[in-house]
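Numbering (the numbering used here), first residue to last: 174 to 859.
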């Protein structure tokens, strides 16, 4: 046997000559982490000067320990070799998920959110940002197994920064687990600029499918909590998602980044007081209830109950009679109304004005308790109001619907109730920063409800107008600044005088204006393979919105597969296609029109599958089944879209829904239809 012809695997030590040194650095980082934990465990909060300080120390130590004990703490995924100037000594920084320091408090691993880490995501061969070398590490089973070097100081090097490195592509294309993962090791430059954008603005991020909008929004929340720890620890961060399945899907991202003090909910979850939502509006009614006109109508209705008295008010005080003319009381009413505080607080201001005028006339403050006719006149002129009754009255007048106990409330009604509550009483809770995902699907009323939770107008809204599918959703990002109380450029709106803005100023939203507003666009897709995205992009001209087509870095993959079957074979074929794809991809989901769900559930059950409405922790026989309206923001390795023609229809909304359904696929997409041919816009021959 000629041994010279036998190939031998090349050892990792030969391919990566510094691997042993880097493993030693990893061991040092983990040991340093362990010593940090040991030091924190020895802290005695009770040795603090007072009980308040002791409690603060205890909470701080527990949070730090939880962070250091979390997965990934003590590890790193990158290294930077930098110079302040040519010829200066090289500084070396290891980048990881948590800050790790040695016994002298010198950094061993730098938190990915620290300013020194920004060049890891942004440096290129054309603009190295002082970086000589960027190294990306591969860990498997907790062991450092490989690295990739990018020599940014040498344009002629064989591996200089350009395109998406293979380790990043491998991570992006890895199989999904049913829960969103953090992406700190794979953040790309255009994403990093959004993540690290200034906090004091309304930032809108437009991005097509797979551009990482949701991940960017969540990592931005984590970055802001790192950069503005004291401010946001006090004021809090709010993340708003479109539905419960989506919130379950993203639930682990912020905790994995070490941030647990974030509220994650839907817009309806925010609303107070609660009504029993038991009905669904027709699309036209939902569109009207969520429209900007309702904001003005509600603000006007809140003050419509205020009426000046027709007669003078006489207050007998012993032998004296104090007379307040109807004109005088009417002037008080106007003075109290002309304010930007909540309406019920303005009502209390009216009582304060009247009491002050009474004391000025009599010189006695205690005469107020004896002025029953005056108090009764004020109550009649400005009766107290509750938000539910205010909305009930407006809806009955506006839509002629049943009122009182006969009303069946809808989601749009609940949002109006919350807006009414804010107009009357002020917002019930506020936050230092608000993140909104799938922002394009929120109505004007919902956006106002959300905006009231951010007094400083510090917000990040992400979405894609091409995926706007709700009746009152947004088709132009410029419109939302108006609903968030800023103009199209995000500048401060002047809220005084008469007219629409004047009416808004009196609705209780004063002071909540953005000092600046920005629309940023993510254009590079990292999730959907190019062969699938290319076909999905054909739908964009039918969506009736001005959205740019995304391009994918994942050029490998297969175009969507088509299965044309007789009507009677639809269910069995779907089950067979699901079984075939599931064999390759555990996370396989079905998207179908809602009216098809009962028959599909039965067909899948006959084949041994159980349909569910979530992605997290799926059993081996569970298959997620969603309508196209409810799959937004989710992702699957394999997707089976049933009856695409029925989803598409002949409306822009149908085109958007099918666009959403198709772009949930990360690896493989299949259509099953009873039509003999594919829709012309999606035809393989197109």
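Think of the CB as a built atom: it goes at the ideal place given N, C-alpha and C, for glycine as much as any other residue.
Q: Put residue 534 into one of helix, strand or coil per three-state DSSP.
A: helix
Q) Ordered along the chain, which non-local residues of its own chain (more than five positions away) have a Cβ less than 6 Å from that of residue 285? A) 268, 357
Q: Measure the C-alpha to C-alpha separation of residue 615 and residue 563 and round it to an integer number of angstroms.
A: 23 Å
Q: Could you name the residues of the same chain whose beta carbon sits closer than 8 Å to that of residue 240, not counting the 5 residues immediately before and after it, in chain order?
A: 246, 271, 431
Q) Looking at the structure shown, is residue 203 part of a helix, part of a strand, or coil, going by DSSP? A) helix
Q) With 16 other CB atoms within 10 Å as the buried threshold, where does residue 649 fall? A) exposed
Q: Would you identify the three-state DSSP class for residue 725, choosing helix, strand or coil?
A: strand
Q. Should residue 374 be labelled buried (16 or more other beta-carbon atoms within 10 Å of its own) or exposed?
A. buried
Q: Quick one: using the 10 Å Cβ neighbour count with 16 as the cut-off for buried, is residue 850 buried or exposed?
A: exposed
Q) Which of helix, strand or coil does DSSP assign to residue 681? A) In this predicted model, residue 681 has a pLDDT of only 35, less than 50, meaning its place in the structure is not dependable; the value taken from the coordinates is given anyway. Three-state DSSP puts residue 681 in coil, outside helix and strand.
Q. Do the CB positions of residue 635 and residue 839 come within less than 8 Å of each other?
A. no
Q: Determine the burial state of residue 154: buried for a count of at least 16 other Cβ atoms within 10 Å of its Cβ, exposed for fewer.
A: The structure shown does not extend to residue 154, since the chain is modelled only from 174 to 859, so the question has no answer here.
Q. What number of angstroms, rounded off, separates the C-alpha of residue 367 from the C-alpha of residue 578?
A. 48 Å
Q: Would you mind stating whether residue 750 and residue 813 have Cβ atoms separated by less than 8 Å?
A: yes
Q: Check residue 399 in the structure and name its three-state DSSP category.
A: helix
Q.
Between which residues of its own chain and residue 393 is the CB-CB distance below 6 Å, once the five residues before and five after are set aside?
A. 368, 633
Q.
In the DSSP output, what is residue 284 paired with across the bridge?
A. 269
Q. Where residue 387 and residue 806 are concerned, what is the direct C-alpha to C-alpha distance, given to the nearest angstrom?
A. 8 Å
Q) Would you call the CB atoms of residue 702 and residue 590 closer than 8 Å? A) no
Q: Inspect the beta-carbon positions of residue 292 and residue 303 and report whether they are closer than 8 Å.
A: yes
(Q) How far does the beta strand (DSSP E) with residue 230 in it extend, from its first residue to its last? (A) Careful: residue 230 lies outside any beta strand (DSSP E), inside the alpha helix (DSSP H) at 224-241.
Q | Helix, strand or coil at residue 189 [DSSP, three-state] | A | coil
(Q) Can you determine whether any heavy atom of the ligand FAD sits closer than 7 Å to the C-beta of residue 641, and answer yes or no? (A) Looking for the ligand FAD in the displayed structure turns up nothing, as the structure carries no ligands at all.
Q. Buried or exposed: where does residue 361 fall if 16 or more other Cβ atoms within 10 Å of its Cβ makes it buried?
A. buried
Q) So, using beta-carbon positions, are residue 479 and residue 506 closer together than 8 Å? A) yes
Q.
Starting from residue 657, trace the alpha helix (DSSP H) in both directions and tell me its first and last residue.
A. Neither: residue 657 is in no alpha helix (DSSP H) and is coded neither H nor E.
Q: Note down, in chain order, each residue of its chain lying with its Cβ closer than 8 Å to the Cβ of residue 519, except the 5 sequence neighbours on either side.
A: 509, 510, 512
(Q) Tell me which residues share the same chain as residue 453 and place their Cβ nearer than 7 Å to its Cβ, disregarding the 5 neighbours each side in the sequence. (A) 583
**Q.** Same chain, Cβ closer than 6 Å to residue 205, neighbours up to 5 away in sequence not counted
**A.** 273, 275, 281
(Q) Judging by CA-CA distance, which residue of 448, 718, 485, 466 is the nearest neighbour of residue 588? (A) 448
Q | Residue environment, residue 606, which counts as buried when at least 16 other CB atoms sit within 10 Å | A | buried
**Q.** Simplified DSSP assignment, three categories, for residue 430
**A.** coil
**Q.** Distance CB(residue 414)-CB(residue 618) smaller than 8 Å
**A.** no
Q.
Which residue marks the beginning of the beta strand (DSSP E) containing residue 493, and which one marks its end?
A. 493-497
Q | Rounded C-alpha distance that separates residue 354 from residue 416 | A | 18 Å
(Q) Can you tell me which residues form a DSSP beta bridge with residue 545? (A) Its beta-bridge partners do not exist; DSSP assigns none.
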